[in-house]
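With the working numbering applied, the sequence shown closes on residue 1558, and no number is skipped along the way. Yeah, the Cβ is synthetic: ideal placement off N, Cα and C, and Gly gets one too. All values derive from a computational prediction rather than experimental measurement. A quick write-up on the structure given underneath.
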Amino acid sequence: MRKQLPIVAGPGCCAPISQAPIEPSDAIDLAAAFKALGDPVRLQLLSMITSHPSGEVCVCDLTPAFSVSGPTISHHLRVLRETGLIDHERRGTWVYYRPVRDRLGALSGLLATSADTIVTA
(Lines of atoms letter the chains of each structure in order from A and count residues from 1; the text may use other names and numbers.)
(Lines give C-alpha, C1' and ligand atoms only; values in the text may rest on other atoms or scores of the structure.)
Protein backbone atom coordinates (compact mmCIF):
# COMPACT_ATOMS: atom_id res chain seq x y z
CA MET A 1 0.00 0.00 0.00
CA ARG A 2 1.35 3.42 -0.95
CA LYS A 3 1.75 6.20 1.57
CA GLN A 4 -0.80 8.97 1.13
CA LEU A 5 0.72 12.42 0.76
CA PRO A 6 -0.30 15.01 3.35
CA ILE A 7 -2.98 17.44 2.32
CA VAL A 8 -2.08 21.10 2.55
CA ALA A 9 -4.59 23.08 4.60
CA GLY A 10 -7.35 25.06 2.90
CA PRO A 11 -7.03 27.85 0.35
CA GLY A 12 -5.11 30.06 2.79
CA CYS A 13 -2.24 27.60 3.23
CA CYS A 14 0.19 29.48 1.07
CA ALA A 15 0.51 32.99 -0.21
CA PRO A 16 0.20 33.27 -3.99
CA ILE A 17 3.55 32.81 -5.71
CA SER A 18 3.26 36.38 -6.97
CA GLN A 19 3.39 37.61 -3.36
CA ALA A 20 5.85 35.39 -1.51
CA PRO A 21 8.19 32.45 -2.07
CA ILE A 22 6.83 28.99 -1.28
CA GLU A 23 8.20 27.11 1.71
CA PRO A 24 10.21 24.02 0.63
CA SER A 25 7.82 21.57 2.33
CA ASP A 26 4.79 23.21 0.67
CA ALA A 27 6.57 23.20 -2.69
CA ILE A 28 7.12 19.43 -2.50
CA ASP A 29 3.49 18.76 -1.63
CA LEU A 30 2.01 21.18 -4.16
CA ALA A 31 4.34 20.02 -6.94
CA ALA A 32 3.01 16.47 -6.51
CA ALA A 33 -0.54 17.73 -7.05
CA PHE A 34 0.47 19.75 -10.12
CA LYS A 35 2.37 16.74 -11.46
CA ALA A 36 -0.77 14.63 -11.07
CA LEU A 37 -2.63 17.18 -13.18
CA GLY A 38 0.05 17.00 -15.87
CA ASP A 39 -1.51 13.86 -17.35
CA PRO A 40 -4.38 14.45 -19.82
CA VAL A 41 -6.44 11.49 -18.56
CA ARG A 42 -6.12 12.60 -14.94
CA LEU A 43 -7.00 16.18 -15.85
CA GLN A 44 -10.10 14.96 -17.69
CA LEU A 45 -11.07 12.70 -14.80
CA LEU A 46 -10.74 15.56 -12.33
CA SER A 47 -12.80 17.78 -14.60
CA MET A 48 -15.54 15.16 -14.90
CA ILE A 49 -15.60 14.60 -11.13
CA THR A 50 -15.52 18.29 -10.20
CA SER A 51 -18.15 19.37 -12.71
CA HIS A 52 -20.61 16.55 -12.04
CA PRO A 53 -24.01 18.06 -11.06
CA SER A 54 -24.43 15.81 -8.00
CA GLY A 55 -21.00 16.68 -6.60
CA GLU A 56 -19.81 13.10 -6.93
CA VAL A 57 -19.63 10.50 -9.66
CA CYS A 58 -19.52 6.71 -9.82
CA VAL A 59 -16.50 5.08 -11.40
CA CYS A 60 -18.99 3.24 -13.60
CA ASP A 61 -19.82 6.60 -15.23
CA LEU A 62 -16.17 7.60 -15.68
CA THR A 63 -14.68 4.52 -17.30
CA PRO A 64 -16.76 4.48 -20.52
CA ALA A 65 -15.62 8.03 -21.39
CA PHE A 66 -12.06 6.83 -22.06
CA SER A 67 -10.41 4.50 -24.54
CA VAL A 68 -8.06 3.11 -21.87
CA SER A 69 -8.70 0.04 -19.73
CA GLY A 70 -10.48 -0.04 -16.39
CA PRO A 71 -7.27 -0.79 -14.49
CA THR A 72 -5.63 2.24 -16.13
CA ILE A 73 -8.53 4.45 -15.01
CA SER A 74 -8.16 3.00 -11.51
CA HIS A 75 -4.46 3.87 -11.53
CA HIS A 76 -5.18 7.47 -12.53
CA LEU A 77 -7.88 7.80 -9.88
CA ARG A 78 -5.48 6.44 -7.27
CA VAL A 79 -2.89 9.09 -8.22
CA LEU A 80 -5.54 11.82 -7.84
CA ARG A 81 -6.54 10.38 -4.44
CA GLU A 82 -2.96 10.11 -3.20
CA THR A 83 -2.31 13.76 -4.00
CA GLY A 84 -5.47 14.79 -2.15
CA LEU A 85 -7.33 16.14 -5.17
CA ILE A 86 -10.25 13.72 -4.89
CA ASP A 87 -11.81 11.58 -2.19
CA HIS A 88 -13.81 8.39 -2.55
CA GLU A 89 -16.42 6.24 -0.90
CA ARG A 90 -17.18 2.59 -1.63
CA ARG A 91 -20.87 1.70 -1.88
CA GLY A 92 -21.32 -1.98 -2.53
CA THR A 93 -19.27 -2.85 -5.59
CA TRP A 94 -19.00 0.73 -6.87
CA VAL A 95 -16.74 3.57 -5.83
CA TYR A 96 -17.94 7.16 -5.89
CA TYR A 97 -15.51 10.04 -6.29
CA ARG A 98 -15.82 13.68 -5.23
CA PRO A 99 -13.41 16.61 -5.42
CA VAL A 100 -11.54 17.90 -2.39
CA ARG A 101 -12.48 21.53 -2.93
CA ASP A 102 -10.14 22.94 -0.27
CA ARG A 103 -7.20 21.24 -1.97
CA LEU A 104 -8.24 22.54 -5.39
CA GLY A 105 -8.69 26.00 -3.86
CA ALA A 106 -5.15 25.86 -2.47
CA LEU A 107 -3.76 25.10 -5.92
CA SER A 108 -5.84 27.83 -7.49
CA GLY A 109 -4.90 30.36 -4.82
CA LEU A 110 -1.22 29.60 -5.27
CA LEU A 111 -1.41 30.77 -8.88
CA ALA A 112 -3.52 33.85 -8.17
CA THR A 113 -2.07 37.17 -9.23
CA SER A 114 -3.09 40.67 -8.32
CA ALA A 115 -4.18 43.06 -11.06
CA ASP A 116 -0.98 45.10 -10.71
CA THR A 117 1.22 42.08 -11.48
CA ILE A 118 -0.53 41.05 -14.68
CA VAL A 119 1.56 41.87 -17.74
CA THR A 120 -0.33 42.54 -20.95
CA ALA A 121 1.16 42.22 -24.40
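- Out of Y1533, T1520, I1510 and S1545, the CA that lies nearest to the CA of I1465 is found in T1520.
- Counting along the chain, E1519 sits inside the alpha helix (DSSP H) bounded by residues G1507 to E1519.
- In the DSSP assignment, V1478 falls within the unbroken alpha helix (DSSP H) covering P1477 to S1488.
- Here E1526 has Y1533 as same chain residues with Cβ atoms under 6 Å from its own Cβ, once five neighbours each way along the sequence are excluded.
- The segment 1471-1489 makes contact with the segment 1534-1550, as at least three CB pairs between them are under 8 Å.
- The C-beta distance from I1486 to R1528 rounds to 16 Å, too long to fall under 8 Å, and the pair is not in contact.
- Sequence-distant partners of R1479 (beyond 5 residues in either direction) whose C-beta falls short of 8 Å from its own C-beta, in its chain, are A1473, H1513, V1516 and L1517.
- If you draw a straight line from the Cα of A1457 to the Cα of C1451, it comes to about 9 Å.
- Rounded to whole angstroms, the Cβ separation of L1522 and I1510 is 15 Å, and the two are not in contact under 8 Å.
- S1455 has its alpha-carbon roughly 35 Å from the corresponding atom of V1494.
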